[in-house]
Amino acid sequence: MYDIAIVGAGINGASVAYEFASVNKKVVIFDMQGVASGGSGAAGAFISPKFSKAGELKELIHDAFVYSMEFYEKNFPKLLTKAQLLHIAKDEIDSEILKYYKVHTTLELKTPSDEVLNSLTPHAKAQEHISLDAGVVNAQAMCKAMCENARFVNEKIESLEYDDGMWVINETYSAKNVVLATGAYEQIIKEPYIKLRGVWGHRIDIKTTTENPYSVHQNVSISPSSDGVLAIGATHNVHYHPQTATESYDLNEGRAELLEKASRTINLEDVEVIKDYTGLRSGSFDYMPIVGSLVMSGETIMASGNRLRVKKPNVEEFSYYPNLYMINGNGGYGFVLAPYLAKMLKEYILSGKKISDRVSPARFFARWVKKR
Ligand SMILES: Cc1cc2nc3c(=O)[nH]c(=O)nc-3n(C[C@H](O)[C@H](O)[C@H](O)COP(=O)(O)OP(=O)(O)OC[C@H]3O[C@@H](n4cnc5c(N)ncnc54)[C@H](O)[C@@H]3O)c2cc1C
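With this note's numbering as the guide, the letters of the sequence shown map in order to residues -18 to 353.
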């Protein structure tokens, strides 16, 4: 029997596998397509803070950014490229946000070099910008490295049964704890209050004679170049979904859009697209990630009835699936949030350290039940 079984080997599942294997737990991780085959395989995997004025999500991502930069540098230094980030405002609203951010952030701000500023298009150069130390990770290699001390099984998980104090998975494997890290794909445990939205993204690796030493973000994210190759990525298409689309995604159109948007920011010369990556990233409906125990909606309603209709129902009174957890909904910050959330989940499972109600799945149950 495994101490923990994880379904989904994207950055969320891989981070959980790493946390548990690091404390000598017996870990199995399943993926129906392979490690980093979903949104994580497509990601540009920039490690950056969220530039906004205020709010819980900004604060959470700030803490995760500081934590994850240190985490990747300490544990996987070869898979992290530390690079200065130059974030350029897209429009007036963005510009106001950056001005506010600069005055209020505790992060150390940098002045971009003249060389980098001169490589921008005149329009981009005229916009408000901010620069600080950040990084980019090698998305696929990072997920693989994090899964190294776990057993990986290439299998789609279709059944989960709780029997006699353990979870039986696909009628074959058994584990004390199960973590669902299935991204924007169909959920295995169908609870009506859990809703995720998948946003389609496309990243290209290009060969170019343009040297780009920084990560440059404006309409798309452009990575620093290495050996004449750089990555351009964006999650931009909210309408396309691979499981419901009637036509396949047009790669050429996507490439053209990414290149056109990148060329509004930097002058790219002698471009040759050498690789495409596409995938869905999953976000929650309040944009905060989802991590923690899953509420059993039917049982909770039966047991608590009208007590659930108060303004702030007591989450301690809800009925939860035994030893079943979820980590998901990281939006465009999967590589920033995952190590931080996985540590949180490990401390909750192994030591009972409470997870904030603002990120636990129970918040969605409380809202859903009131609307019924
Ligand atoms: C183009 C693009 C660019 C991005 N850029 C960045 C960036 O710069 N920085 C950043 O931090 N984030 C970025 N993101 C977001 C980031 O990629 C996601 O937040 C992150 O990948 C989510 O990871 P995950 O593990 O939750 O999901 P996924 O990576 O989608 O993993 C879920 C896995 O679960 C598996 N699975 C699902 N159901 C089952 C089942 N029943 N049985 C077995 N396996 C199953 C799937 O095969 C999949 O591999 C980007 C995303 C995209 C698409």
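Glycine residues also receive a C-beta, built at the ideal position from the N, C-alpha and C atoms.
**Item:** Backbone CA spacing between P58 and Y195 [nearest angstrom]
**Value:** As a first step, residue 58 must be located in the sequence shown, where it is residue number 77. As a first step, residue 195 must be located in the sequence shown, where it is residue number 214. Rounded to the nearest angstrom, the two C-alpha atoms are 18 angstroms apart.
**Item:** Segment limits, beta strand (DSSP E) that includes F303
**Value:** Your numbering for residue 303 matches position 322 in the sequence shown. The sequence shown places Pro at residue 303, rather than the Phe named in the question. P303 -> beta strand (DSSP E) spans Y301 to N309.
**Test item: CB-CB of N368 and L211 under 7 angstroms** = Past the boundaries of the shown model lies residue 368; the chain is included only from -18 to 353, so the question cannot be answered.
**Request:** Please classify N360: does DSSP put it in a helix, a strand, or coil?
**Result:** Residue 360 falls outside the range modelled here, since the chain spans only -18 to 353, and no answer is possible.
**Request:** Quick one: give me the first and last residue of the alpha helix (DSSP H) that T281 is part of.
**Result:** Against the sequence shown, residue 281 aligns to sequence position 300. Start and end: S278 to S285.
**Prompt:** By the 10 Å Cβ neighbour count, where 16 or more other Cβ atoms means buried, how is N311 classified, buried or exposed?
**Reply:** Within the sequence shown, the letter at position 330 stands for residue 311. Under this definition N311 is a buried residue.
**Prompt:** Around the C-beta of T216, are 16 or more other C-beta atoms found within 10 angstroms, so that it is buried, or is it exposed?
**Reply:** Position 235 of the sequence shown, counted from the first residue, corresponds to residue 216. Flag for T216 reads buried.
**Item:** From R339, I69 and R178, residue whose alpha carbon lies closest to that of L261
**Value:** Residue mapping note: residue 261 aligns to position 280 of the sequence shown, counting from 1. L261 has its Cα closest to that of R178, out of R339, I69 and R178.
**Request:** Using a threshold of 7 angstroms, state whether the C-beta atoms of I169 and I138 are closer than that.
**Result:** Here residue 169 refers to the residue found at position 188 of the sequence shown. Here residue 138 refers to the residue found at position 157 of the sequence shown. Against a cut-off of 7 angstroms, the Cβ pair of I138 and I169 comes out as a contact.
**Opposing strand residues paired with G182 [DSSP bridges]** = On the sequence shown, position 201 is the one that residue 182 refers to. According to DSSP, G182 bridges with T216 and G260.
**Asked** Should H85 be labelled buried (16 or more other beta-carbon atoms within 10 Å of its own) or exposed?
**Response** As a first step, residue 85 is located in the sequence shown; it is residue number 104 there, counting from the start. Exposed, by the Cβ-count rule.
**Request:** Say yes only if the C-beta of M13 is nearer than 6 angstroms to one or more non-hydrogen atoms of ligand 1, and no if none qualify.
**Result:** As a working mapping, residue 13 is identified with position 32 in the sequence shown. M13 Cβ: within cutoff of ligand 1.
**Request:** Check whether the Cβ of R354 sits closer than 6 angstroms to any heavy atom of ligand 1, and report yes or no.
**Result:** In the structure displayed, the chain extends from -18 to 353; residue 354 sits before or after that span and is not available.
**Asked** If you count every other CB in all the chains shown that lies within 10 Å of the CB of Q224, and 16 or more means buried, which is it?
**Response** Counting from 1 along the sequence shown, the entry for residue 224 is found at position 243. Q224 is exposed by the Cβ-count criterion.
**Prompt:** If you measure from the CB of K83, is any heavy atom of ligand 1 nearer than 6 angstroms?
**Reply:** Walking along the sequence shown from the start, residue 83 turns up at place 102. It does not: the Cβ of K83 is nowhere closer than 6 angstroms to a heavy atom of ligand 1.
**Asked** Per DSSP, what kind of secondary structure is K63 in: helix, strand or coil?
**Response** Reading the sequence shown from its first residue, position 82 is the one you call residue 63. In this structure, K63 counts as strand in the three-state DSSP scheme.
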